[in-house]
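Quick note: the sequence shown uses the working numbering, first residue 44, plus one each step.
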Amino acid sequence: MRDQDGATYFKVPSSWQQVDPKAIEAALFGDPDSATAQVQKESVWTAAFDAHAKPSVLHLLEGSPGTDDQPFVFAKVQKLTEDEQNSASLNMLRNSSGLPVAVTEDVRKQLESDQESQLKGFELLADDVLPVADGVRGVRSVFNYRLDGGVQTFDETAYLSADGSHVSTLLIRCSAACYRQRAAEIDLIAKSFKVKRLINQ
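This is the structure:
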């Protein structure tokens, strides 16, 4: 799968089904007719694939209960504003999926105590700064969150393009048990995620 300009790509098994793009956009941007959604759609490209027999955008954060859970892959390429480019960092990449990973201790405590927040019980399992390739910087983080459906494991890889203009993010979710059972398969998908965006392209 490639983004609209072909600079970001990844591979998923052929049996996985693509999630309805309109459903993804609605979940991320809200009312598609709103001015805010229109602006966001111009600067963000998204795609999602679900290994479940009945693909659903709801599987982005939580899968089916019990042993039926299957991996879900979400990809996003975002064009950065000038201010965002000037403040780009590895921590920004770690948080680029929208899930708080690199936050202060005070923010983490607020999330844990917030009754309306779904995201509880954060556990960082792995965090690796990836080798710089052709000026592209990246980081891969694996972490747990406890949601209503139990502990979910998220495997996130994010890259900053060589010219600093785009952030490309791949997020893979599965229940903690599912992630352990399918770790090798998920690792292959994460490692297939590449960015080829030359300076000033």
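Just so it is clear, CB atoms sit at the ideal spot from N, CA and C, and this is done for glycine as well.
Test item: CB-CB of residue i and residue j under 7 Å
i, j, result
"His102", "Phe115", "yes"
"Phe197", "Arg216", "yes"
"Gly164", "Arg180", "no"
"Thr147", "Lys119", "no"
"Gly207", "Gln128", "yes"
"Arg137", "Ala145", "yes"
"Lys228", "Leu214", "The sequence given here places Glu at residue 228; Lys does not occur at that position. Going by C-beta atoms, Glu228 is not nearer than 7 Å to Leu214."
"Thr212", "Ala226", "no"
"Ala131", "Asp177", "no"
"Ile232", "Val87", "no"
"Cys221", "Asp112", "yes"
Residue interval of the beta strand (DSSP E) (run including residue i)
i, result
"Val194", "Gly193 to Leu203"
"Arg137", "Counting along the chain, Arg137 falls outside any beta strand (DSSP E), though it belongs to the alpha helix (DSSP H) covering Leu133 to Arg137."
"Phe92", "Val87 to Asp93"
"Ser218", "His209 to Ser218"
"Gln121", "Phe115 to Lys122"
"Leu231", "Unbroken run through Leu231 is the alpha helix (DSSP H), Ala226 to Ser235; no beta strand (DSSP E)."
"Gly181", "Val179 to Leu190"
Whole-angstrom C-beta distance between residue j and residue i, which should lie under 8 Å
i, j, result
"Ala219", "Val194", "4 Å"
"Leu167", "Leu154", "Wrong, their Cβ atoms sit about 14 Å apart, outside the cutoff."
"Leu133", "Val182", "5 Å"
"Ser139", "Val210", "5 Å"
"Ala50", "Val238", "6 Å"
"Ala66", "Val100", "4 Å"
"Glu105", "Asp171", "Contact flag wrong, Cβ pair sits at about 26 Å."
Boundaries of the alpha helix (DSSP H) in which residue i is found, first to last residue
i, result
"Glu148", "Glu148 to Ser156"
"Pro64", "Pro64 to Phe72"
"Ser77", "Careful: Ser77 lies outside any alpha helix (DSSP H) and carries neither H nor E."
"Lys163", "Counting along the chain, Lys163 falls outside any alpha helix (DSSP H), though it belongs to the beta strand (DSSP E) covering Lys163 to Ala176."
"Asp112", "First-last for Asp112: undefined, no H or E at that position."
"Asp206", "Where Asp206 is concerned, there is no enclosing alpha helix (DSSP H), given that its DSSP letter is neither H nor E."
"Glu127", "Glu125 to Asn129"
Within-7 Å CB hit, residue i to chain B
i, result
"Leu214", "Annotation note: the requested chain B is absent from the structure, which comprises a single protein chain."
Residue i Cβ short of 6 Å to the ligand SAH heavy atom set
i, result
"Glu85", "Absent from the structure shown: the ligand SAH. Ligands present: none."
### Cβ pair count under 8 Å reaching 3, the region 58-71 against the region 84-97
Flag = yes, the region 58-71 and the region 84-97 touch.
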